[in-house]
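For the record, the sequence lines run as chains A and B.
All letters in the first sequence, in the order written, are residues 829 to 1167 by this note's numbering.
All letters in the second sequence, in the order written, are residues 829 to 1167 by this note's numbering.
Below: the structure, in structure tokens.
There are 2 protein chains.
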Amino acid sequence: MLDERKRKILKEIVDEYIDSAEPVSSAIIVEKYENNISSATVRNDMAELEKLGYLEKTHTSSGRVPSAKGYRLYVDELLKYDNISVEEIKYIQEKLENKANSIEELTKIATTTLSEITHYTTVSVGPKTSGQNIEEIKFVLLGSRMLMGIIVTDSGLVRETIIKFDEDITQEQVDTLNYYFNNKLQGEPIEKIDASLEEYIFRELKYSIKIIRPIIEQMKKLIQEEEKIYLEGANKSFELPEFKSLEIAKNFVNILDTKEVMLDILNTGFAKDIQIYIGDENDNQDLKDFSIVTFKHSVGDKDLGTIGIIGPKRMNYSKVISVMKYISKKLDDNFDKKD
Amino acid sequence: MLDERKRKILKEIVDEYIDSAEPVSSAIIVEKYENNISSATVRNDMAELEKLGYLEKTHTSSGRVPSAKGYRLYVDELLKYDNISVEEIKYIQEKLENKANSIEELTKIATTTLSEITHYTTVSVGPKTSGQNIEEIKFVLLGSRMLMGIIVTDSGLVRETIIKFDEDITQEQVDTLNYYFNNKLQGEPIEKIDASLEEYIFRELKYSIKIIRPIIEQMKKLIQEEEKIYLEGANKSFELPEFKSLEIAKNFVNILDTKEVMLDILNTGFAKDIQIYIGDENDNQDLKDFSIVTFKHSVGDKDLGTIGIIGPKRMNYSKVISVMKYISKKLDDNFDKKD
DNA sequence: TTTAGCACTCAATATCTTGGACTGCTAATA
DNA sequence: TATTAGCAGTCCAAGATATTGAGTGCTAAA
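Written as structure tokens, this is what we have:
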């Protein structure tokens, strides 16, 4: 259906539009096209590409702009993803080298680095605890009326919370709590911390419910804690020409402010795959002018967090995805080495 | 210098401008002014107020807009700060009631509540550890190669960090660490965690430097950790008429993105005082069209975090400050009750 | 199948016009 | 002396009109 020339012209148009943010005319393509070719020929092909839904016009006599379908073909079939320089590789290596002491911190560093190299706005969420198994639970007495509860999961996540009491707690009580919690929960999925656990502990230990209840409450909160989005380089987006439109700028801020939308997207998709959402492919209307590219950091089937880029539909997919691929690989290396 | 009528007219103008975002004409003031008064009189007074620097014109035949000096007089002398309704009081009480288990969490809840009631963008930073004294230090062994280090300060702050090792750590070693750290540091200012501490521990314990070094490193990081700004309702600002100007919107995003500016402002000022920064009173150019109002949450001379509002110079100071005063009081009550 | 060439379209920009929302000032008034 | 009516003058905002040029689509020839 699409002969070689049409594919090439489509690629040139998208490349050019990504670069200039202006509708692309047949004359510009003629300039760039190596073999000699007349603008009339290009116009014919453009008309064809438009009929097939890959291009759009902004008005009757304007140049062409890629449609969502056009971008889709472009990223799926026309691009190669090795667009990363030696300097960039060096920079990433240096940034990710060893410095983080927790998975969350490592994810943040990667998120910042990604924004620095691509000049787009990046976001990330930490690992989800759901699906993980409990490796160890520890309660630590702080002062006489405060406990810290710590959960370590099998993929090395550490979550902790503070629990305050109206009465004194003894070290013996804490030791007993540690014993029973670990006895019951070691190796179990983290979701086992629930109301039935409260009953069990209460039955076995006979401690005042005034002690048990707040512990369970806080531990439950801990595992279903709302996820925090880490955001980097929001102002970079405001330098883009599309942000001259107040509506687009507003939509952008809205998306980042109502975290649910981003969380939804970041939490979709499978480990290792790079996911690409182009414009209206998202059904959120605020996202119609943006593309989002995400990837998950994981070990085995355990989620270690997701990192994403949000930028204009006209984003530099080649660079973005190339850099992401490399960062993804580095994160895995890093993890293998450490544990 | 300013007779009663001029003060009243100034107040009406600022009130009106805050409400409408449009330059205020003499006719509008005549409408609002209770005693009969002609527009010519108002015009004379306005000319006078302009000469004194309280008002400005956007062009020769425009209405008047308050200057920074005008706003300053307005907030300092013309406003009363009891602009809070029974519903709002109820709402705040409900939100702040008991739910938080840490100071940081309480501050966040207060920040969100403030944004909900005022419909402005709010920001906060958690308490600074500097200046606090160490009440307790605890190391907890997680697995065999991971420690959690916990510091509790005298005003109840809890800070923790993860330290990973290349070799196994024994519980005995941890117990010894706990003993020596507490022995040396209990009651001491938190800044005592430094290089000389490393020497001391190394001398006393003779543990491999491979164990001591990462501990001290991480604990040091912990106390000088960069402060995190919590942000709420950024999108609310984008509904304001001033955000039709791309430049203003851009400045706004810039401010929130380069955290240093906000941190600087939030960290200035003394406990309990409400600080007001109007437009160019800040010397950061990005802030010239905005006002920031902040207050600190504290107990004694210990900082427990700062909460601020950032909005247009034309913000509803009366509401903002009234609500802040009430929240500030509630936070203190809350704290007194608990500890 | 490709191309030269021309008619046509439309956004972008500049220029002009008009209406009206203001002010400042003057002279009359209390 | 303080206030006010009234009017001339200013300037913005919005709409109307003209101009330009960058683009296309189409036709007919190569």
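Just so it is clear, CB atoms sit at the ideal spot from N, CA and C, and this is done for glycine as well.
Owing to the predicted nature of the structure, the values given are computational and were not obtained by experimental measurement.
Can you say whether residue i is buried or exposed, counting buried as having 16 or more other CB atoms within 10 angstroms of its CB?
i, result
"H1125 of chain A", "buried"
"P894 of chain A", "buried"
"G1128 of chain A", "exposed"
"P778 of chain A", "The requested residue 778 of chain A does not occur in the structure, where chain A is confined to residues 829 to 1167."
"M829 of chain B", "exposed"
"G1015 of chain B", "exposed"
"V986 of chain B", "buried"
"K1166 of chain B", "Only weak support is given to the placement of K1166 of chain B: the predicted model assigns it a pLDDT of 49, under 50, and the value that follows is read from those uncertain coordinates. Exposed, because fewer than 16 other Cβ atoms sit within 10 Å of the Cβ of K1166 of chain B."
"R892 of chain B", "buried"
"H889 of chain B", "Note that residue 889 of chain B is Ser in the sequence shown here, rather than His. Exposed."
"I917 of chain A", "exposed"
"D904 of chain A", "exposed"
"I1037 of chain B", "exposed"
"Q1205 of chain A", "Nothing can be reported for residue 1205 of chain A: it is not among the residues displayed for chain A, which extend from 829 to 1167."
"A938 of chain B", "buried"
"K966 of chain B", "buried"
"D873 of chain A", "buried"
"V914 of chain A", "exposed"
Please report whether the beta-carbon of residue i lies at a distance below 9 angstroms from any beta-carbon of chain A.
i, result
"E1027 of chain B", "no"
"K1116 of chain B", "no"
"T941 of chain B", "no"
"N1063 of chain B", "yes"
"N1162 of chain B", "no"
"F1123 of chain B", "no"
"F1030 of chain B", "no"
"K1130 of chain B", "no"
"F1098 of chain B", "no"
"K1147 of chain B", "no"
Residue i CB to nearest chain B CB: under 9 angstroms?
i, result
"Q1001 of chain A", "no"
"I990 of chain A", "yes"
"G1136 of chain A", "no"
"Q1014 of chain A", "no"
"S1156 of chain A", "no"
"F1009 of chain A", "no"
"S952 of chain A", "no"
"K897 of chain A", "no"
"K1072 of chain A", "yes"
Residue i: beta carbon under 8 angstroms from a heavy atom of the ligand FAD?
i, result
"T935 of chain A", "Absence of the ligand FAD is noted for the structure shown, with no ligands found whatsoever."
Can you give the beta carbon distance from residue i to residue j, rounded, assuming they're within the 8 angstroms contact cut?
i, j, result
"I997 of chain A", "V968 of chain B", "Actually they are not in contact, since the Cβ atoms of I997 of chain A and V968 of chain B sit about 16 angstroms apart, beyond 8 angstroms."
"I1120 of chain A", "G1136 of chain A", "6 angstroms"
"V953 of chain B", "L1091 of chain B", "6 angstroms"
"E988 of chain B", "M976 of chain B", "6 angstroms"
"I1044 of chain B", "L1025 of chain B", "6 angstroms"
"Y948 of chain A", "M1152 of chain A", "So it is not a contact: roughly 11 angstroms between Cβ atoms."
"N1162 of chain A", "L924 of chain A", "6 angstroms"
"K1048 of chain A", "D1022 of chain A", "7 angstroms"
"L1159 of chain A", "L934 of chain A", "7 angstroms"
"Y1154 of chain A", "I920 of chain A", "6 angstroms"
"R900 of chain A", "I1093 of chain A", "Contact doesn't hold; Cβ gap of about 17 angstroms is too wide."
"L883 of chain B", "I841 of chain B", "7 angstroms"
Quick one, which residues of the region 1074-1094 of chain B are near chain A if we go by CB-CB under 8 angstroms, in chain order?
L1074, A1077, K1078, V1081, N1082, L1084, D1085, T1086
Using a beta-carbon distance cut-off of less than 9 angstroms, what residues from the region 958-985 of chain B approach chain A?
E963, E964, K966, V968, L969, L970, G971, M974, M976, I978, V980, G984
Using a Cβ cut-off of 7 angstroms, which residues of the region 1035-1050 of chain A contact any Cβ in chain B, in chain order?
Q1046
Chain B contacts from the region 902-936 of chain A (Cβ-Cβ distance under 7 angstroms)
N929, S930
If we require 4 or more residues per run, which alpha helix (DSSP H) segments fall completely within the region 1087-1121 of chain B?
1087-1095
Ignoring anything shorter than 3 residues, give me the beta strand (DSSP E) runs that lie fully in the region 836-900 of chain B, in order along the chain.
883-885, 892-894
Counting only runs of 3+ residues fully inside the region 1037-1069 of chain B, write out the beta strand (DSSP E) ranges in chain order.
1057-1060
Enumerate, from N- to C-terminal direction, the unbroken alpha helix (DSSP H) stretches of 4 or more residues contained entirely within the region 903-970 of chain B.
914-924, 931-946
Unbroken beta strand (DSSP E) runs of length 3 or more, entirely within the region 976-1027 of chain A: which are they?
986-992
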